[in-house]
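Quick note on numbering: the sequence shown equals residues 2 to 334 in the numbering used here.
A virtual CB, placed ideally from N, CA and C, is assigned to each residue, including glycine.
Remember, predicted model here, so these are calculated numbers, not experimental data.
To start, the structure itself, in structure tokens.
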Amino acid sequence: MSVLALGRRTSRWASRFKILHSQATLFRTSSSNCFFTSSTANKNEDPVRPAPPPIRVSLTESAGRGVFATRRIGSGDLVHTARPLVAHPSLSTTHSVCYFCLRKQKATSQTQAIQFCSEECEEQSMVFYNVERRANWSDYDNYCRTHGLKYPLLVKRLACMVISGVAAADSFDILQPASLSPVMVSEMEEGFSLLRNAFTNANICDEQVAFLTNKWYTSVLARIRINAFRVELVGGLYEDLLSSAAASVEAEAAVGNAVYMLPSFYNHDCDPNAHILWIENADARLKVLRDVEAGEELRICYIDASMDRDARQTLLSQGFGFHCNCFRCSSGD
Ligand SMILES: [Zn+2]
Ligand SMILES: [Zn+2]
2 MSVLALGRRT
12 SRWASRFKIL
22 HSQATLFRTS
32 SSNCFFTSST
42 ANKNEDPVRP
52 APPPIRVSLT
62 ESAGRGVFAT
72 RRIGSGDLVH
82 TARPLVAHPS
92 LSTTHSVCYF
102 CLRKQKATSQ
112 TQAIQFCSEE
122 CEEQSMVFYN
132 VERRANWSDY
142 DNYCRTHGLK
152 YPLLVKRLAC
162 MVISGVAAAD
172 SFDILQPASL
182 SPVMVSEMEE
192 GFSLLRNAFT
202 NANICDEQVA
212 FLTNKWYTSV
222 LARIRINAFR
232 VELVGGLYED
242 LLSSAAASVE
252 AEAAVGNAVY
262 MLPSFYNHDC
272 DPNAHILWIE
282 NADARLKVLR
292 DVEAGEELRI
302 CYIDASMDRD
312 ARQTLLSQGF
322 GFHCNCFRCS
332 SGD
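Dropping the structure here:
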């Protein structure tokens with residue numbers, strides 16, 4: 002079962018559908034402060050450095066790395082925010098959300114235009130947007146659409162960022178990869194060829210796309226598969242809430258997908274003490290759901306927590322490659 006299929010099945014809980022494995026193998030502790038932002042950190046006019054978040058990333062007893070509280074955190078408190086390393090709208094929302102931050106945009110007469118919600122978003126994405134718009138993406142987008150794939154769009158965005166010089170080709174190496182079967186790897190070859198051809202046909206020089214090998218494509222996609230979050234905004238208009246309540250279960254509530262650094266180090270629990278939510282754009286907010294004591298591990302739920310034990314175990318095993326031994330699963334709930 003693909004992660005995509007799993008994502009489709011989850012509805013209200015989809016925003017908590019954490020696509021990450023619990024065993025990140027690499028973590029540069031010395032640079033951990035680069036992995037989060039805070040609401041004050043983004044305001045240039047505020048000269049005060051925000052306090053670091055009350056967490057540390059350390060080894061757990063059984064699940065590789067994990068995130069731990071360094072002090073008591075009260076229920077409902079915001080632990081930290083995180084900006085995406087890479088974000089991309091869904092194919093269905095490409096023209097209705099911000100190209101960079103996925104904020105919902107008002108419909109315009111130019112329905113086929115790429116939109117930016119602000120000058121800041123336009124500035125931040127201009128160099129890689131300029132690479133992306135040189136190429137014709139119809140074949141690549143069609144490939145994604147016909148196969149029901151969303152993650153190759155994140156690979157495309159990352160490739161444009163690497164070509165434009167704003168991201169390193171090895172940006173995702175720190176993330177845990179999914180283990181891929183030979184069949185899965187061969188299925189990715191078509192996507193790789195289409196991506197490479199799009200750049201070649203756009204006359205982007207060989208030197209600039211030298212990193213873009215089949216191995217790179219597969220390696221990035223393997224990491225995106227278990228580290229991408231489906232971004233579902235909860236801060237929409239009241240009318241949005243009404244219409245989504247009335248909409249069919251097949252409606253696409255997500256505005257897009259994104260990959261983060263620090264949020265990828267949170268382990269899973271079927272009865273989590275923390276969760277991630279998105280208010281108005283792809284900036285993730287990590288909040289605790291109940292009081293957490295100093296030293297306690299913060300865990301989020303990668304899947305729909307309302308499912309029964311067997312369904313959760315199957316999803317976690319097939320989608321994320323691990324057997325859940327959380328307290329709730331152990332007690333048969
Ligand atoms: Zn924006
Ligand atoms: Zn469990």
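Any non-hydrogen atom of ligand 2 closer than 7 Å to residue i Cβ
i, result
"R329", "yes"
"R313", "yes"
"C102", "no"
"C122", "no"
"C161", "no"
"C145", "no"
Residue span of the alpha helix (DSSP H) that contains residue i, given as start and end
i, result
"A312", "310-321"
"F129", "120-133"
"S331", "328-331"
"N147", "Position check: residue 147 holds Thr in this sequence, whereas Asn was assumed. Run containing T147: 139-148, per the alpha helix (DSSP H) assignment."
Closest by C-alpha distance to residue i, when choosing among the options
i, options, result
"A275", "M127, I74, E62, R66", "I74"
"K216", "A203, V186, F129", "V186"
"S318", "L290, Y303, S307", "Y303"
"C99", "H324, A312, V256", "V256"
"A265", "A254, E281, A285", "Here the sequence assigns Ser to residue 265, which means Ala is not the residue at that position. If we check each option's Cα against that of S265, A285 comes out closest."
"C271", "A283, H324, I225", "H324"
"C102", "C330, L92, T82, E123", "E123"
"N137", "L195, L299, A295, P153", "L195"
"N131", "E121, Q116, S165, Y144", "S165"
"L60", "L278, N268, I277", "N268"
"P273", "I205, C327, K105", "C327"
"V68", "E281, E297, I205, Q177", "E297"
"T71", "I277, R57, M189, R84", "R57"
"V167", "V260, N282, T82, L86", "L86"
"A179", "A170, N282, V221, G333", "V221"
"R351", "R300, G322, E281, A254", "Residue 351 lies beyond the residue range present for the chain, which begins at 2 and ends at 334; the question has no answer from this structure."
"A203", "E191, E120, C161", "C161"
"V232", "E120, Y261, A169", "Y261"
Cβ-heavy atom distance, residue i to ligand 1, below 7 Å
i, result
"S97", "no"
"F117", "yes"
"N258", "no"
"C206", "no"
"N326", "no"
"N282", "yes"
Opposing strand residues paired with residue i [DSSP bridges]
i, result
"E298", "F69"
"I56", "A70"
"A259", "A88, F230"
"Q106", "Bridge partners of Q106: none, in fact."
"V98", "K105"
"Q116", "C99"
Host beta strand (DSSP E) of residue i (start-end)
i, result
"F230", "229-232"
Short CB-CB distance (under 8 Å) between residue i and chain C
i, result
"R310", "The structure shown contains no chain C; it is built from a single protein chain."
Report the start-end ranges of each alpha helix (DSSP H) in the region 156-219 that is 4 residues or longer and not cut off at the edges.
183-202
Return the chain-ordered ranges of every beta strand (DSSP E) run that is complete within the region 263-307 and spans a minimum of 3 residues.
275-278, 285-289, 298-301
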